[in-house]
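For reference, the structure discussed in these notes is given below.
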């Protein structure tokens with residue numbers, strides 16, 4: 001074999017040019033080739049310089065690459081000659097839009113040490129150069145025009161041994177060129193004495209290739225060398241819309257970075273394979289977005305692609321507000337099991353839910369009332385029923401339409417009349433299918449109602465043995481009045497012996513009465529249905545006996561003379577009073593001196609508000625109209641029933657008075673078929689509430705008495721009763737918030753106390769809470785059910801008492817005062833701090849009475865501040881005069897609010913066993929254990945300050961402290977002196993005999 005290095009290199013290339021299947025070559029998608037010598041199967045036509053006769057220094061020959069693909073290569077190996085300077089230049093290469101160019105060289109290089117007999121200077125490197133040009137300059141070039149890119153060295157070189165083993169050690173080098181400004185360029189390769197073969201030359205630039213991100217299409221983008229990132233705006237693919245303008249950044253390495261924004265598929269299209277494609281049949285998509293198409297809900301279909309919603313099957317519907325994802329529904333079936341309960345001229349209708357709700361939950365009920373009567377046909381006795389809508393004054397409670405409950409009360413019907421009630425169940429699609437609507441019907445006949453009570457009785461004439469009375473016909477006679485029953489008896493006999501008369505008219509004269517005697521009288525009317533309720537008790541008195549007989553003529557003269565004298569005296573006194581008043585009025589016109597008179601005879605001075613008991617009025621309805629505002633029923637809208645009271649239902653609703661803003665209200669209704677006493681007791685609460693005006697007392701908006709149902713309307717308290725509200729939000733309030741609630745209750749009770757009103761039933765259940773956590777005292781009814789628990793009230797001759805909240809003297813002697821309300825306030829305070837626990841827990845009422853009488857007091861609730869527990873104990877003083885006034889309670893709570901740190905000290909439950917019997921009349925000092933405990937347990941502030949600097953040697957020494965000694969250390973107030981001395985005695989007894997609970 002020829003030992004010439006050029007021959008050896010050529011032999012190597014021939015060895016590698018065996019016929020081997022070609023492998024495809026793949027380049028990254030972000031690289032764009034400007035030149036690839038592998039792609040040319042013919043001669044490349046590059047220019048070599050200088051020429052040496054029949055051959056050039058750089059020779060173009062055929063070879064194979066690393067994948068054994070046939071390629072055109074250039075080689076040079078003039079290592080036997082000195083001073084080599086061999087150039088190879090490419091053709092002109094347009095740069096397109098690229099500014100930065102990459103040159104990839106693959107080559108082999110012979111190790112100089114493996115070449116024998118080298119005469120010249122052997123190199124193992126060659127140079128890479130370039131020249132920018134706006135157009136092709138032909139075959140002539142000059143060396144100095146080129147700029148050097150880099151010197152290329154081989155990482156791997158081959159030797160003589162490698163030729164025998166057929167091992168091709170291929171080197172790959174990549175160099176950057178740029179930034180370029182002209183339209184094209186040349187590359188040149190300078191050999192200075194190496195044995196090298198250029199297997200391939202690839203010239204390329206990088207770009208960010210076309211891509212689709214978040215349904216936005218981004219075009220091919222060539223990065224600019226002048227900046228690191230290029231912002232590119234994308235365009236939404238077909239059938240999509242921008243949610244946020246899409247954009248990305250193209251880096252100099254041809255990579256997409258930081259996608260921002262996205263596109264959403266139109267309704268009827270879903271995202272698949274980075275495109276928006278139509279929904280298939282049986283599926284739908286109603287909104288803009290990239291979620292998948294949804295399968296049609298039950299009872300609906302879609303036969304076409306790209307459906308926005310699914311149509312409903314026959315006899316199924318979708319309401320206007322129903323979402324497309326909701327199944328199609330149908331109207332409900334008729335209500336079932338209609339039951340009617342007739343009470344004279346009112347009826348209660350109850351029914352069961354429809355068997356088929358149509359697939360919906362928005363079921364409401366509508367009740368249609370019809371009045372039916374028989375109509376003879378062609379003069380025959382048998383006829384048909386003719387029905388017409390009921391009168392407009394027929395009242396439905398709560399309403400006739402839009403009912404959510406399965407019961408309604410219908411009142412003010414006519415007696416002895418046939419009615420048909422049609423009850424229809426409706427839902428959101430009932431209006432879309434009128435032919436499918438069904439209802440249940442019930443026919444009833446009202447009873448004859450007894451007449452209402454006689455309201456007003458007037459005394460016309462009175463003598464020593466008779467009285468003439470008159471009255472008005474009952475407001476609701478409910479038929480023809482047959483007669484009236486008059487029952488009367490002497491007041492002192494208390495109905496043990498009474499007389500009954502009957503009268504057909506509205507007047508009667510009672511004869512045979514005793515002179516100068518008080519009588520009580522009641523009247524009731526009778527119809528074919530029987531007697532109505534008795535009237536309120538009316539009292540009258542007969543004239544006294546005369547001192548002499550007036551039968552003789554002389555006696556009559558004397559009587560006339562005496563009468564004349566009396567008349568003259570009375571006239572003189574009357575003139576004197578009138579003149580005196582006139583003179584007084586002319587001297588003083590101050591408005592505070594004017595007096596106000598009320599219809600019940602009470603006298604009140606302006607500026608001094610006092611409570612007036614409505615039961616002192618002869619006509620209780622007068623008290624209602626005097627203290628409560630009459631409302632028009634049309635201004636009240638009842639929304640829903642929220643509870644039930646003794647006299648009827650409690651509802652929430654809205655009140656809209658003319659020229660005023662609509663407000664939310666609570667409405668108490670009086671159920672139908674009530675007696676006059678029930679009506680009077682029901683409205684008495686309004687007569688009481690109407691006298692109060694305070695932010696912590698429930699506000700009365702007005703009453704409805706002139707139409708039915710009778711209603712009491714008050715402000716609406718969103719959070720309901722305080723006890724249930726606290727139980728619902730257990731341990732969720734701060735100490736200051738709880739004290740603020742307690743302060744509001746105390747402020748309301750102070751107002752009531754100042755007015756002279758005793759509540760008698762102050763408890764957390766009777767405190768209402770609004771949305772701003774403002775507590776207001778409520779429940780002023782005089783006749784009410786206290787609790788569902790049959791043991792909740794201890795019955796005495798005077799009625800029912802809430803044992804657990806009532807002071808001992810009120811239980812034993814019915815002595816209800818503001819002091820007994822203060823006791824109840826202490827229980828409310830305990831309820832608040834325990835978050836609605838039941839006072840005395842499961843103890844029976846008799847056990848509570850006995851324990852309280854023996855001195856037992858409720859222990860402090862968990863985490864209860866010591867100051868508040870002390871206030872509880874003060875409210876539970878057995879001697880009612882020692883209990884704090886509500887004015888004092890408000891002042892104490894105000895101080896706690898101003899000094900929140902005082903609430904951080906909690907009451908010590910361990911030192912107060914649950915069965916501890918307190919006798920606070922003898923001592924208010926806590927139980928003591930050690931001298932240190934005693935010092936810590938002193939609750940009086942002056943004591944703490946005085947004893948903070950006092951040292952003591954023994955318990956005996958401290959126990960002998962006198963009041964004079966206390967004055968020397970600064971305790972000058974008599975009360976704390978007595979308290980400390982008593983405590984020291986207890987401490988001394990403790991050290992001698994053991995702990996003594998006091």
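Numbering (UniProt numbering), first residue to last: 1 to 998. From the three backbone atoms N, C-alpha and C, an ideal C-beta is built for every residue, glycine too.
CA-to-CA distance, residue j to residue i, given in whole angstroms
i, j, result
"residue 324", "residue 287", "9 Å"
"residue 753", "residue 851", "28 Å"
"residue 334", "residue 530", "39 Å"
"residue 129", "residue 31", "22 Å"
"residue 1003", "residue 737", "This structure gives no information on residue 1003, because the portion of the chain shown stretches from 1 to 998."
"residue 524", "residue 471", "11 Å"
"residue 178", "residue 257", "23 Å"
"residue 331", "residue 299", "14 Å"
"residue 81", "residue 209", "49 Å"
"residue 268", "residue 320", "20 Å"
"residue 856", "residue 612", "37 Å"
"residue 819", "residue 780", "18 Å"
"residue 381", "residue 482", "Low confidence applies here, because residue 381 scores a pLDDT of 44, under 50, leaving its location unreliable; read the following figure in that light. Approximately 31 Å, taken between the alpha carbons."
"residue 430", "residue 477", "43 Å"
"residue 662", "residue 305", "51 Å"
"residue 507", "residue 450", "20 Å"
"residue 140", "residue 251", "38 Å"
"residue 835", "residue 341", "42 Å"
"residue 441", "residue 475", "33 Å"
"residue 610", "residue 756", "6 Å"
"residue 135", "residue 254", "27 Å"
"residue 398", "residue 891", "45 Å"
Own chain, CB closer than 8 Å to residue i, minus 5 neighbours either side, in chain order
i, result
"residue 544", "464, 515, 516"
"residue 1069", "Since the displayed the chain opens at 1 and closes at 998, residue 1069 lies outside it and no answer follows."
Start and end residues, beta strand (DSSP E) containing residue i
i, result
"residue 248", "240-251"
"residue 999", "In the structure as shown, the chain begins at 1 and stops at 998. Residue 999 is therefore absent and cannot be evaluated."
"residue 775", "775-777"
"residue 833", "From DSSP, residue 833 is part of no beta strand (DSSP E) but of the alpha helix (DSSP H) over 818-833."
"residue 29", "From DSSP, residue 29 is part of no beta strand (DSSP E); its letter is neither H nor E."
"residue 862", "From DSSP, residue 862 is part of no beta strand (DSSP E); its letter is neither H nor E."
"residue 639", "636-644"
"residue 77", "70-77"
"residue 526", "518-527"
Cβ-based neighbour list, residue i, same chain, cut-off 6 Å, excluding 5 preceding and 5 following
i, result
"residue 171", "107, 154, 155, 156"
"residue 827", "805, 839"
"residue 339", "350"
"residue 123", "192, 193, 194"
Cut-off 7 Å between Cβ atoms - residues of its own chain near residue i, not counting five sequence neighbours on either side
i, result
"residue 173", "105, 152"
"residue 645", "668"
"residue 488", "498, 499, 510, 519, 520, 521"
Residue closest to residue i, alpha-carbon to alpha-carbon, out of the options
i, options, result
"residue 650", "659, 488, 639", "639"
"residue 385", "372, 206, 739", "372"
"residue 237", "220, 230, 204, 271", "271"
"residue 350", "358, 408, 329", "408"
"residue 266", "867, 387, 308", "308"
"residue 653", "808, 624, 714, 630", "714"
"residue 280", "262, 291, 302", "302"
"residue 1025", "462, 665, 137", "Missing from the structure shown is residue 1025; the chain here goes from 1 to 998 and no further."
"residue 759", "522, 207, 886, 425", "886"
Residue range of the unbroken alpha helix (DSSP H) whose run includes residue i
i, result
"residue 1025", "The structure shown does not extend to residue 1025, since the chain is modelled only from 1 to 998, so the question has no answer here."
"residue 44", "First-last for residue 44: undefined, no H or E at that position."
"residue 459", "Counting along the chain, residue 459 falls outside any alpha helix (DSSP H), though it belongs to the beta strand (DSSP E) covering 457-462."
* Start-end ranges of the beta strand (DSSP E) lying completely within the stretch 258-302, minimum 3 residues -> 269-272, 275-278
* To do: Output the residue ranges of the beta strand (DSSP E) runs that lie fully inside the stretch 342-425 and measure 3 residues or longer, sorted by chain position.
  => 346-352, 364-376, 383-389, 395-397, 407-411
* Residue ranges of each beta strand (DSSP E) within the stretch 134-209, 3 or longer -> 147-153, 171-177, 184-191, 195-206
* Unbroken alpha helix (DSSP H) runs of length 4 or more, entirely within the stretch 648-723: which are they? -> 676-689
* Note down, one range per segment and in chain order, each beta strand (DSSP E) of at least 3 residues found wholly within the stretch 82-112. => 86-89, 101-109
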